[in-house]
Amino acid sequence: MRIIVGISGGIAAYKIPFLIRLLKKNGADVKCIMTPSAKDFISPLVLSTLSNNPVGIDFWNKETGVWNNHVQYGEWADLLVIAPATANTISKMATGACDNLLLATYLSMRQKTLLVPAMDLDMYQHPTVKRNFEQLSSDGLHILPAESGELASGLFGEGRMAEPEMILKKIQEILDVKPLLLGKTILITAGPTHEAIDPVRFIGNNSSGKMGFALAKRALNLGAKVKLICGPTTCVLEHDSLEIIPVITADEMLFNVQAHWSTSDIGIFSAAVADYKPAKMEVEKIKKSDAPLQLTLVKNPDIVQWASNNKSAKQLTVGFALETNNESENALTKLLNKKMDIVILNSLNEKGAGFEKDTNKITIFDSKGATKIFNLKQKSEVAIDIFDHIIEYSK
Ligand code: CTP
Numbered sequence: 062m063r064i065i066v067g068i069s070g071g072i073a074a075y076k077i078p079f080l081i082r083l084l085k086k087n088g089a090d091v092k093c094i095m096t097p098s099a100k101d102f103i104s105p106l107v108l109s110t111l112s113n114n115p116v117g118i119d120f121w122n123k124e125t126g127v128w129n130n131h132v133q134y135g136e137w138a139d140l141l142v143i144a145p146a147t148a149n150t151i152s153k154m155a156t157g158a159c160d161n162l163l164l165a166t167y168l169s170m171r172q173k174t175l176l177v178p179a180m181d182l183d184m185y186q187h188p189t190v191k192r193n194f195e196q197l198s199s200d201g202l203h204i205l206p207a208e209s210g211e212l213a214s215g216l217f218g219e220g221r222m223a224e225p226e227m228i229l230k231k232i233q234e235i236l237d238v239k240p241l242l243l244g245k246t247i248l249i250t251a252g253p254t255h256e257a258i259d260p261v262r263f264i265g266n267n268s269s270g271k272m273g274f275a276l277a278k279r280a281l282n283l284g285a286k287v288k289l290i291c292g293p294t295t296c297v298l299e300h301d302s303l304e305i306i307p308v309i310t311a312d313e314m315l316f317n318v319q320a321h322w323s324t325s326d327i328g329i330f331s332a333a334v335a336d337y338k339p340a341k342m343e344v345e346k347i348k349k350s351d352a353p354l355q356l357t358l359v360k361n362p363d364i365v366q367w368a369s370n371n372k373s374a375k376q377l378t379v380g381f382a383l384e385t386n387n388e389s390e391n392a393l394t395k396l397l398n399k400k401m402d403i404v405i406l407n408s409l410n411e412k413g414a415g416f417e418k419d420t421n422k423i424t425i426f427d428s429k430g431a432t433k434i435f436n437l438k439q440k441s442e443v444a445i446d447i448f449d450h451i452i453e454y455s456k
């Protein structure tokens, strides 16, 4: 979850540090934007320290001269939650006013917005405020109603901002986030491996790492800790619960899998590991000559096989089978031979599936005898299907 917490100027802003900590604990990345008057209620330093990100307040940072790009904020986030949302901010949102960074970000957001109001009871009941709520609700905003209780004015009634736990629950509901893997550690191998021939050449393949990174993102969204051991790739992903371990060769990948396997619950082996490596790497660049060049290749270790041979009763191994012929038969042979719990077949014969593509078409086979065939989908959606199956299988 990538969440922007937008804070407007109300006393309930004192609850926002608790909300940020709760979001972070549940695996979210958080950025804060404050309206100028919110600074009177809570220090930006508290918010930047807890969120581990700079806080956006003005359109440009007067000290650094850096522009706070509201469009980039909107593109980054999965959800904008405005808490506390004051009557003033709600009114501006309902009319499209745009006189601060938070409102500009709201207007630029294509993702969903959650409004968490907080105000005095008579303000909350005022027909103007109610009209604004109706407007925003029909604009498609999610609204978490205020609760009843003691208010800052000393009065008692409806207007208290919902508690951070309720806000988190609502966010998870809106984003359809089920922290089903909370407390679990998922080890994922991704990308190609490069096996050096000499200082400037290597044996490799066209794997982009996209499937492995999509799997990592899904695991993080499900609340897991992820160790992503990946070969050379241009993919990027940042998250507090993610450890990326970059490697080059199959031997390095195996070494890191061995170091992290005993503390992992599930291993997903999506890397396209080079099956062979040169018997020896030449120290100097190989010069060309007229004679044919012969390379002697030796077999690389099989990483998923090692993990399967060394798994406890509680651990699962999930592998891929990339096939061009006899697809199902070969995938099932790999499931058996590599003692995997689940194998995901992707066939290079399917249009839109395979290396470097953003889409994939898979069939899942598992050791309990289940087979599931899926349509061509975005790799992010394929990752959802894979984790749905893993969770179902582990029940
Ligand atoms: N794999 C691995 N280590 C290797 C080779 C493969 O961990 N040295 C893993 C892959 O990450 C994948 C599964 O094994 O999860 C199957 O990989 P694939 O390339 O389809 O099969 P191979 O075992 O390499 O067999 P072949 O190339 O002959 O099809």
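The sequence shown runs 62 to 456 under the working numbering. Virtual Cβ for every residue (Gly too), placed ideally from N, Cα, C.
Cβ-heavy atom distance, residue i to the ligand CTP, below 7 Å
i: Val-365; result: yes
i: Leu-383; result: yes
i: Pro-293; result: no
i: Gly-380; result: yes
i: Ser-331; result: yes
i: Val-334; result: yes
i: Pro-362; result: yes
i: Ala-352; result: no
i: Lys-400; result: no
i: Ala-311; result: yes
i: Lys-395; result: yes
i: Thr-424; result: no
i: Thr-110; result: no
Same chain only: Cβ atoms within 7 Å of residue i, ignoring 5 sequence neighbours per side
i: Gln-196; result: Ala-155
i: Lys-85; result: Val-91 and Asp-301
i: Ile-391; result: Per the sequence shown, the amino acid found at residue 391 is Asn instead of Ile. Excluding positions up to five away in sequence, the list reads Ala-382 and Glu-384.
i: Val-190; result: Ala-148, Ile-151 and Met-184
i: Leu-216; result: Asp-181 and Leu-182
i: Leu-393; result: Phe-426
i: Thr-246; result: Ala-285, Lys-286, Lys-288, Thr-324, Ser-325 and Asp-326
Simplified DSSP assignment, three categories, for residue i
i: Ile-82; result: Strictly speaking, residue 82 in this sequence is Arg, with Ile absent from that position. Residue state, collapsed to three classes: helix.
i: Leu-396; result: helix
i: Gln-186; result: helix
i: Asn-87; result: coil
i: Leu-437; result: coil
i: Pro-339; result: strand
i: Asp-200; result: coil
i: Phe-330; result: strand
i: Lys-288; result: strand
i: Ala-347; result: The sequence as given places Ile at residue 347; Ala does not occur at that position. It is coil, neither helix nor strand.
i: Thr-150; result: helix
i: Lys-360; result: strand
i: Phe-194; result: helix
i: Val-127; result: coil
i: Ala-213; result: coil
i: Asp-139; result: coil
i: Glu-388; result: helix
Rounded Cβ spacing between residue i and residue j (contact assumed at less than 8 Å)
i: Ala-144; j: Val-66; result: 7 Å
i: Leu-303; j: Leu-281; result: 6 Å
i: Leu-80; j: Ile-235; result: That belief does not hold up - the Cβ atoms of Leu-80 and Ile-235 are roughly 15 Å apart, past 8 Å.
i: Phe-102; j: Gly-126; result: So it is not a contact: roughly 27 Å between Cβ atoms.
i: Leu-108; j: Val-142; result: Leu-108 to Val-142, Cβ: 13 Å. No contact.
i: Lys-173; j: His-131; result: Contact doesn't hold; Cβ gap of about 17 Å is too wide.
i: Leu-242; j: Leu-283; result: 4 Å
i: His-300; j: Asp-90; result: 6 Å
i: Leu-162; j: Asp-200; result: Not confirmed; about 20 Å, so no contact.
i: Glu-124; j: Asp-259; result: Actually they do not touch by this definition, with Cβ atoms about 51 Å apart.
Same chain, Cβ closer than 6 Å to residue i, neighbours up to 5 away in sequence not counted
i: Lys-153; result: Leu-164
i: Asn-122; result: none
i: Phe-435; result: Ile-423 and Asp-446
i: Asn-114; result: Lys-92
i: Ser-98; result: Gly-70
i: Ala-414; result: Asn-407, Asn-421 and Lys-422
i: Gly-88; result: Leu-281, Gly-284 and Ser-302
i: Ile-151; result: Asn-193
i: Glu-411; result: Lys-422
Same chain, Cβ closer than 8 Å to residue i, neighbours up to 5 away in sequence not counted
i: Arg-221; result: Ala-73, Ala-179, Ala-207, Glu-208, Ser-209, Gly-210, Glu-211 and Leu-212
i: Tyr-454; result: Leu-377, Asp-402, Ile-403, Asp-427, Lys-429 and Ala-431
i: Glu-226; result: Leu-83
i: Met-314; result: Thr-250, Thr-254, Ile-290, Gly-292, Val-308, Ala-332, Val-334 and Ile-364
i: Lys-375; result: Asp-326
i: Lys-348; result: none
i: Pro-240; result: Asn-87, Gly-88, Gln-233, Leu-283 and Gly-284
Any non-hydrogen atom of the ligand ZN closer than 7 Å to residue i Cβ
i: Thr-156; result: The ligand ZN is not part of this structure, which contains only the ligand CTP.
Flag this pair as touching only if the stretch 158 to 174 and the stretch 127 to 142 have three or more C-beta atom pairs under 8 Å; answer yes or no. Flag = yes, the stretch 158 to 174 and the stretch 127 to 142 touch.
Say whether the stretch 236 to 250 touches the stretch 280 to 296, bearing in mind that this needs 3 or more beta-carbon pairs closer than 8 Å, one atom from each stretch. Result yes; three or more Cβ-Cβ pairs closer than 8 Å.
Do the stretch 317 to 328 and the stretch 338 to 346 touch if we need at least three Cβ pairs shorter than 8 Å? Two segments are said to touch when three or more pairs of C-beta atoms, one from each, lie closer than 8 Å; by this definition the stretch 317 to 328 does not touch the stretch 338 to 346.
Segment contact flag, the stretch 323 to 332 with the stretch 266 to 277, C-beta cutoff 8 Å, min 3 pairs: Output reads yes: the stretch 266 to 277 touches the stretch 323 to 332.
For the stretch 358 to 370 against the stretch 304 to 312, are there 3 or more C-beta pairs whose distance is under 8 Å? When Cβ pairs closer than 8 Å are counted between the two stretches, the stretch 358 to 370 is seen to touch the stretch 304 to 312, the count reaching three or more.
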